[in-house]
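Numbering (the working numbering), first residue to last: 2 to 470. All C-beta atoms in this analysis are idealised placements derived from N, C-alpha and C, irrespective of residue type, glycine included. Since we're looking at a predicted model, the values are computed, not measured. Written out below as structure tokens is the structure these notes cover.
The structure is reproduced here in structure tokens:
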């Protein structure tokens, strides 16, 4: 457990540092963008486009009258942010590889960095190679984001063949409309088609659960859905104010649209980074809560968590007038002898076997906890006195009828169970004490049985009015 806590602590520290670094980088580069006139410079030239959108880099390298190689500051910012987040996620994954989806998200940001870098180097490599690199990188980044999300949400693995075939087809079509039959509009369409679909699927996968309990999932889902929708509708932006993407267009308008397209990509990248770090933080928080509330051997609530839940259940029963809350205390008979005879490993198997059998007798709302050693407790909301006794006898009979299977042979096991009802004014400790007295009475009277210690008559009368199980 100490190793898990240490790994979670390091992961949390890296998460906090990553958030700070992203904030600092975004703020610093925002000032740089402002100083450079938002990162786009319109040069003098003919009436055709004097400044082309960043997405045009997917089609052909810039010329002297278009966008200068050094001017797409927004693309530089995207590359730096993607590289920064990749390093942060890599370090987090190194310290805690149990966070689901983290490795795939790290690879997604790595391909986003490759995509941004390839845009900047467009004029320094063969045109076909540039198209393959840019189109493949952005599609793989979106697909890996989807895979990481499915992994985080516990979805089954998918077959990669169809996705790889779709990405390959998009790359070939992009090459065709760049080299064989140049068409700027179709290049815009294919530049965002695959990634847009993958991001929309990512949003659909994440948008599950109560938004008040898992806000990070919905933040990520909104960012992915909005970005995916933007990528699919982005070609329409370049039909504004002219005869279409292949006809004459106002250079100033297109320059502004280009800035918004690049700016949207940067904003989406930042939101994805924060969403990823928040999801990692959500997992770490849940793991720490699990370590604090759950018994690691039997995977049921520990004593502290059970007392907290028992207190809430007692308050709810009093508030709704549902009668006294039934509480069972269960002790495994002759457990010390089992440990001494069969060994502690078999003793652990006995504890897990009991929990497995007891859980079969309980409803979804019932609460099972380990108080310590071989002693367990169960709270039965809305069960009533007779219902609680029925559950206790069922557990007792099932445990006696099913010996514990071990590598050294079956081990016979019985339990002694005490039952009581929580009376008005009881604390969880008082109720457990009364159930504990009933359990010791069962041991005194021969073990492998159920005994009841009555609560004050008012509670018993109210509880008997509640239908039994």
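On the CB-based measure, 16 or more other CB atoms within 10 Å of its CB, does residue i come out buried or exposed?
i	result
residue 316	exposed
residue 163	exposed
residue 47	Note that residue 47 scores 35 on pLDDT, short of 50, meaning its location in the model is unreliable; the coordinates nonetheless yield the value given after this. Result: exposed.
residue 211	exposed
residue 54	For residue 54, the pLDDT reaches just 43, beneath the cut-off of 50, and the residue's location in the model is therefore unreliable, although a value from the coordinates is still provided. So residue 54 counts as buried.
residue 437	buried
residue 374	exposed
residue 213	exposed
residue 290	exposed
residue 166	exposed
residue 435	buried
residue 86	buried
residue 451	buried
residue 341	exposed
residue 453	buried
residue 360	exposed
residue 126	exposed
Assuming the contact rule is C-beta atoms closer than 8 angstroms, residue i and residue j should be a hit. Round their C-beta distance to whole Å, please.
i	j	result
residue 314	residue 382	5 angstroms
residue 79	residue 270	6 angstroms
residue 112	residue 138	5 angstroms
residue 221	residue 207	5 angstroms
residue 77	residue 121	7 angstroms
residue 413	residue 421	28 angstroms between Cβ atoms; not a contact.
residue 369	residue 275	About 38 angstroms; that fails the 8 angstroms criterion.
residue 448	residue 417	5 angstroms
residue 325	residue 423	5 angstroms
residue 229	residue 201	4 angstroms
Quick check on this structure: which residue in the options has the alpha carbon closest to the alpha carbon of residue i?
i	options	result
residue 379	125, 267, 92 and 332	332
residue 142	125, 187, 192 and 408	192
residue 90	302, 149 and 182	149
residue 151	170, 199 and 181	199
residue 194	157, 96 and 169	169
residue 94	278, 364, 430 and 356	278
residue 266	335, 304 and 227	227
residue 455	444, 439, 236 and 446	439
Look up residue i in the DSSP assignment and give the residues it is bridged to.
i	result
residue 421	328
residue 371	377
residue 452	419
residue 405	412
residue 302	295 and 370
residue 333	416
Exercise for the section: Would you check if there are 3 or more beta carbon pairs closer than 8 angstroms linking the segment 280 to 295 to the segment 100 to 107? Expected result: yes
_Segment contact flag, the segment 287 to 303 with the segment 385 to 402, C-beta cutoff 8 angstroms, min 3 pairs_ = no
- Spell out a yes or no on whether the segment 347 to 356 and the segment 403 to 412 are touching, meaning 3 or more CB-CB pairs, one atom from each, closer than 8 angstroms. yes
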